[in-house]
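The next block holds one structure in the form of structure tokens; read it before the comments.
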Amino acid sequence: MHDFYDATGFAYANAYAAATNDPEAFWGAAADDLHWDRRWDQVLDRSAAPLYRWFAGGELNTCYNAIDHHVATGRADQLAVIYDSPVTGVKRRITYRELRDEVARFAGVLRGLGVAKGDRVIIYMPMTPETLIGMYACARIGAVHSVVFGGFAPQELAVRIDDAQPKVVLTASCGIEVQKVVPYKPLLDVALALATHRPAHCVVLQRDVHRCELTAGRDIDWHEAAASASPVDCVPVKATDPLYILYTSGTTGVPKGVVRDNGGHAVALKWSMKNVYGVEPGEVFWSASDFGWAVGHSYIVYAPLLAGCTTVVHEGKPVGTPDAGEFWRVIEEHDVRVLFTAPTAFRAIKREDPKGTFYGKYDMSRFRALFLAGERLDPDTYHWARALLQVPVIDHWWQTETGWPVAANCMGLGAFPVKPGSPTKPVPGYVVEILDEDGAAMPANKEGAVAIRLPLPPGTLPTLWRNDARYIETYLSRYPGYYLTGDGGYIDEDGYLFIMGRVDDIIIVAGHNLSTGSMEQAVASHPDVAECAVIGVRDALKSQLPVGLVVLKAGVTRTHDVIATELVQLVREQVGPVANFRQVAVVARLPKTRSGKVLRKTMRAIADGDGWTMPPTIDDPAALEEIAVALQTLRLAKGPGSPIGG
Ligand code: COA
Ligand code: AMP
Numbered sequence: 003m004h005d006f007y008d009a010t011g012f013a014y015a016n017a018y019a020a021a022t023n024d025p026e027a028f029w030g031a032a033a034d035d036l037h038w039d040r041r042w043d044q045v046l047d048r049s050a051a052p053l054y055r056w057f058a059g060g061e062l063n064t065c066y067n068a069i070d071h072h073v074a075t076g077r078a079d080q081l082a083v084i085y086d087s088p089v090t091g092v093k094r095r096i097t098y099r100e101l102r103d104e105v106a107r108f109a110g111v112l113r114g115l116g117v118a119k120g121d122r123v124i125i126y127m128p129m130t131p132e133t134l135i136g137m138y139a140c141a142r143i144g145a146v147h148s149v150v151f152g153g154f155a156p157q158e159l160a161v162r163i164d165d166a167q168p169k170v171v172l173t174a175s176c177g178i179e180v181q182k183v184v185p186y187k188p189l190l191d192v193a194l195a196l197a198t199h200r201p202a203h204c205v206v207l208q209r210d211v212h213r214c215e216l217t218a219g220r221d222i223d224w225h226e227a228a229a230s231a232s233p234v235d236c237v238p239v240k241a242t243d244p245l246y247i248l249y250t251s252g253t254t255g256v257p258k259g260v261v262r263d264n265g266g267h268a269v270a271l272k273w274s275m276k277n278v279y280g281v282e283p284g285e286v287f288w289s290a291s292d293f294g295w296a297v298g299h300s301y302i303v304y305a306p307l308l309a310g311c312t313t314v315v316h317e318g319k320p321v322g323t324p325d326a327g328e329f330w331r332v333i334e335e336h337d338v339r340v341l342f343t344a345p346t347a348f349r350a351i352k353r354e355d356p357k358g359t360f361y362g363k364y365d366m367s368r369f370r371a372l373f374l375a376g377e378r379l380d381p382d383t384y385h386w387a388r389a390l391l392q393v394p395v396i397d398h399w400w401q402t403e404t405g406w407p408v409a410a411n412c413m414g415l416g417a418f419p420v421k422p423g424s425p426t427k428p429v430p431g432y433v434v435e436i437l438d439e440d441g442a443a444m445p446a447n448k449e450g451a452v453a454i455r456l457p458l459p460p461g462t463l464p465t466l467w468r469n470d471a472r473y474i475e476t477y478l479s480r481y482p483g484y485y486l487t488g489d490g491g492y493i494d495e496d497g498y499l500f501i502m503g504r505v506d507d508i509i510i511v512a513g514h515n516l517s518t519g520s521m522e523q524a525v526a527s528h529p530d531v532a533e534c535a536v537i538g539v540r541d542a543l544k545s546q547l548p549v550g551l552v553v554l555k556a557g558v559t560r561t562h563d564v565i566a567t568e569l570v571q572l573v574r575e576q577v578g579p580v581a582n583f584r585q586v587a588v589v590a591r592l593p594k595t596r597s598g599k600v601l602r603k604t605m606r607a608i609a610d611g612d613g614w615t616m617p618p619t620i621d622d623p624a625a626l627e628e629i630a631v632a633l634q635t636l637r638l639a640k641g642p643g644s645p646i647g648g
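Per the working numbering, residue 3 is the first one in the sequence shown, and the count goes up by one each step.
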């Protein structure tokens, strides 16, 4: 079905051709929109291919471009950040000038703690403006931040601490999840006890709802330190220097440290605000996500401010804080023009308020577009949102690794008619192809591996933290000359891309990318478990949910319910509540191929209620039949796998 879009297609076609045919000229022109302390020697350094570096030789400061530059060029009194926290009742409006001053002082705190250019700072914090201030303070002095999402368990935090080796950790006394206070400080203490690396200091934001004890000699009170610190100026860094590390799930269960550079990142994000999102400087842009995800980094923290917009930091949920009208309230109250969130948020609103009763209570007349990403936008949710909002609803596809959209309906380049279920077409800079097993291009409408031709555009990951080999092995080796996305999909006869889901062991839960490998590791650590598999099954609200299939050791006599409860707790402790691991089935054996590979794909098809056939390579067909019964029992009892929108 087509929608009302005005589709001349010229602006997009021209930009796409220019970025594909001469990326150096295209991105070089885009880079002129930033302030450089030293102009680049080369737009694209191809000398170490397949590793590429954008704007080699150039120097700039991301914080300067996102904040100080606007203070100097007429936006000092414009709002930079609107903090709206329905869970605490606090609202705060921060101008660009005020933000510059706070960031400069906090940069002084970091400097005072010995943090210098290239040092790492781990940030484990809730949705408060201080998190954004901490991130920019790092950028200001050339330190490399690594934000860890609050819903991860201490063990996951410890792994990241050991990999990033931070000099300092920034944290808060607590986060607030709807009505539940989550004390962060004890989680950090456990993580530090588990980690081998020892950061010199932790700076702790004390929140009124729950204060915490500081560890003498190690911990520093955020506000006290900021009050006495001297402001520090922006330090020019190389365009190719890292701005941040963001860990994302790896198929092995060991997270991958996605590196983002300074130059390419600033160029691509600023370009995307106008051309992909159609947003002008001075407008309010709201990304309802979390600082801990790539969406939060790119579209709460960096892109809106690079573009001179106002960003919203919302400490709440689409439902329950206090109701399903929360998004509309924020949009009306803060004059939000464009909203970006995950489809799950809209499914949650739809579930609570299917008729959109709350929507009618707010003035949404200035709201212009909704962008959704992070998981597949199922057509039911698309149609519901489109009918309710009466503005363009744009599905767009990207990954932590790319940092900004790979495919979208570019609002700033003359949008195309929508095909529900498709994020439309590749964004200028990305050449997306569908490849078969042998690396040959698939014909239109035939599903295969979604790959992006190298070089990737600026803003995408140049490598993994201190691990070029893993970057090459994971992403660049399967199809030489291409970046492997890990998604399966197809391109139709009109050039529209359809993403059908991951082809690896990563699952997408409520828009969060999680590794079944790390959950399996946790389950396997239980003393009664001989063997296990965790698979993602379809869920009507959260897109997918993990289900554990567990084989117990011989002689275990404890009841399955007790063991299942312990396993749920174990995953919560080792991976975190964000895993949403709540369903376990004890089975006699796991179905495997004759070479010993667990048949996850077939189990997933069974769990989802999709058609499946007995794989010819199966070792013991009875094992799969038993699994089918176990999954069916789980499905009927707890409802996994009910089709999305069904
Ligand atoms: N700190 C600590 N715990 C957190 C957390 C954080 N920052 N974020 C989530 N959690 C916890 C939740 O409290 C929940 O714990 P519980 O098992 O004790 O209830 C658990 O992790 C699972 O969280 P989630 O999957 O988010 O479920 P939810 O029921 O709390 O909320 C939605 C469901 C749909 C409202 C929510 O996931 C949402 O708004 N998602 C869409 C927007 C989004 O953030 N997308 C990210 C990429 S754009
Ligand atoms: P993350 O790195 O957490 O952003 O997750 C990236 C993965 O989410 C992608 O590889 C896809 O599997 C999925 N994803 C993100 N956006 C979309 C979308 N618009 N449509 C389908 N899948 C998506």
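By construction, the Cβ of each residue, glycine as well, lies at the ideal position given by its N, Cα and C atoms.
Who are the Cβ neighbours of residue i in its own chain at under 7 Å, not counting the five residues just before and after it?
| i | result |
| --- | --- |
| V105 | C65, I69, I135, Y138, A139 and R142 |
| G491 | I436, E449, V452, L499, F500, I501 and M502 |
| E158 | V577 and G578 |
| W614 | T604, A607 and I608 |
| A296 | L248, T402 and G405 |
| Q546 | I509, I510, V511, G538, V539 and R540 |
Which whole-angstrom value is the C-beta distance of residue i and residue j, which I expect to be below 8 Å?
| i | j | result |
| --- | --- | --- |
| T253 | D507 | 5 Å |
| K544 | N582 | 6 Å |
| R145 | D121 | The sequence given here places Ala at residue 145; Arg does not occur at that position. Yes, they are in contact, since the Cβ atoms of A145 and D121 sit about 5 Å apart, within 8 Å. |
| L456 | G431 | Between G431 and L456 the Cβ distance is about 12 Å, and since that is not below 8 Å, they are no contact. |
| V206 | P156 | Going by Cβ atoms, the distance from V206 to P156 rounds to 16 Å, so no, they are not a contact pair. |
Hey, residue i and residue j: beta-carbon distance below 9 Å or not?
| i | j | result |
| --- | --- | --- |
| I124 | V171 | yes |
| V393 | Y384 | no |
| D380 | G423 | yes |
| G259 | A166 | yes |
| Y85 | E317 | yes |
| L626 | V549 | no |
| P460 | A270 | yes |
| L633 | I620 | no |
| V338 | F287 | yes |
| V539 | E522 | no |
| A174 | P233 | no |
| V564 | A532 | no |
| A227 | M275 | no |
| A20 | F28 | yes |
| D292 | G76 | no |
Once DSSP output is grouped into helix, strand and coil, what is the label at residue i?
| i | result |
| --- | --- |
| L134 | helix |
| Q181 | coil |
| K363 | helix |
| C176 | strand |
| H316 | strand |
| E575 | helix |
| R637 | helix |
| M127 | coil |
| G414 | helix |
| F329 | helix |
| V45 | strand |
| Q585 | strand |
| Y279 | coil |
| P373 | The displayed chain sequence assigns Phe, not Pro, to residue 373. Looking at F373 - three-state DSSP - the assignment turns out to be strand. |
| D263 | strand |
| H199 | coil |
| Q157 | helix |
| A556 | coil |
| K272 | helix |
| W29 | helix |
Leaving out five residues on either side along the sequence, give the residues of the same chain with a beta carbon under 8 Å from the beta carbon of residue i.
| i | result |
| --- | --- |
| K363 | G327 and W330 |
| T97 | A78, D79, Q80, L81 and A82 |
| H72 | A78, Q80, A82, Y98, L307 and G310 |
| F12 | G416 |
| G497 | K427 |
Apart from the five residues just before and just after residue i, which ones in its own chain have a Cβ nearer than 6 Å to its Cβ?
| i | result |
| --- | --- |
| G513 | A344, T346, G376 and E377 |
| L566 | Here residue 566 turns out to be Ala, not Leu, going by the sequence shown. Within the same chain, A566 has close Cβ partners V586. |
| E26 | V45 and L46 |
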